[in-house]
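Here the structure is laid out as structure tokens; the discussion comes afterwards.
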Amino acid sequence: MADKRMKILIVDGYNVLRSGSRYRSMRHAPDYTFEKYNQVREALISDVAAFAGSEYRSVTVVFDGGDNPESAGKTQRIGVVKVVFSPYGSSADKVIERLAHDAREKNFEVLVVTSDATIQDTVFGGMVTRMSANGFSNEIDDLHDEAKVEGHARTKRKATVADRLDRSVLEKLEEMRDRL
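Here it is as structure tokens:
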């Protein structure tokens, strides 16, 4: 049996929001506000959770908080996703590099989602691979398309409890009903 390594997913949050085709429209939106920005960030976190499914042991989205004196670099959990804003004075790149290095040292498979050349030059190799921001955007679009098709297929016919019961159980239930 093949050795099954633990898998870690690390996403360069703002890089994906700026570079990923799925999220690019937010940059040019006329109603670019703090609230809109938060909505897009939340959409990314939701998309990351959907992408990760049950395949990854650890899922982290890192946002750059290095210019914000209020940022302490604490990890927040939103569902299965750990969200980290890099601490004041440190870039998201440094946090991603540390997370990837630590996971590689533990012999985990690591997928880093980024289009940042600096990170690519620093962390990739060995058990660390990369997916571009656009590649991730395309994967998420495919996931959403599949969900729409599956949802549409499910609604084409009426599903009842009787459809899921064994025929003998259904006959017994019908017999009981008829005696009433």
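Just so you know, the numbering used here puts 76 at position 72 of the sequence shown, and the rest follows in order with no gaps.
Ideal placement from N, C-alpha and C gives every residue a C-beta, glycine not left out.
DSSP on residue i, reduced to helix/strand/coil?
| i | result |
| --- | --- |
| residue 8 | coil |
| residue 176 | helix |
| residue 25 | coil |
| residue 170 | coil |
| residue 41 | helix |
| residue 150 | helix |
| residue 76 | coil |
| residue 59 | coil |
Check the Cβ-Cβ distances between residue i and every residue of chain C, and say whether any is below 7 Å.
| i | result |
| --- | --- |
| residue 179 | As a matter of chain content, chain C is missing from the structure shown, which is built from one protein chain. |
State the beta-bridge partners of residue i as determined by DSSP.
| i | result |
| --- | --- |
| residue 67 | 89 |
| residue 48 | For residue 48, which the question treats as bridged, DSSP gives no partner whatsoever. |
| residue 183 | For residue 183, which the question treats as bridged, DSSP gives no partner whatsoever. |
| residue 16 | 66 |
Nearer than 6 Å: is that true of the beta carbon of residue i relative to any heavy atom of the ligand ZN?
| i | result |
| --- | --- |
| residue 108 | As presented, the structure is devoid of all ligands, the ligand ZN included, so that no description of it is given. |
Return the residue from the list the options that minimises the CA-CA distance to residue i.
| i | options | result |
| --- | --- | --- |
| residue 18 | 11, 38 and 48 | 48 |
| residue 79 | 91, 108 and 121 | 91 |
| residue 118 | 95, 100 and 54 | 100 |
| residue 26 | 172, 15, 174 and 144 | 144 |
| residue 4 | 54, 109, 104 and 110 | The question about residue 4 has no answer, for the chain in this structure spans 5 to 184. |
| residue 204 | 56, 94, 42 and 11 | Outside the displayed span of the chain (5 to 184) sits residue 204, for which this structure offers no information. |
| residue 148 | 74, 15, 127 and 53 | 53 |
| residue 128 | 39, 98 and 115 | 115 |
| residue 73 | 63, 64, 89 and 61 | 89 |
| residue 85 | 13, 110 and 122 | 13 |
| residue 46 | 62, 57, 59 and 21 | 21 |
Just reading off the beta strand (DSSP E) that residue i is part of, what are its end residues?
| i | result |
| --- | --- |
| residue 81 | 79-82 |
> If you scan the stretch 103-146 from start to end, which runs of the beta strand (DSSP E) of 3 or more residues do you find wholly inside it?
Replying inline: Fully enclosed beta strand (DSSP E) runs of no fewer than 3 residues occupy 113-117 and 132-135 of the stretch 103-146, in order along the chain.
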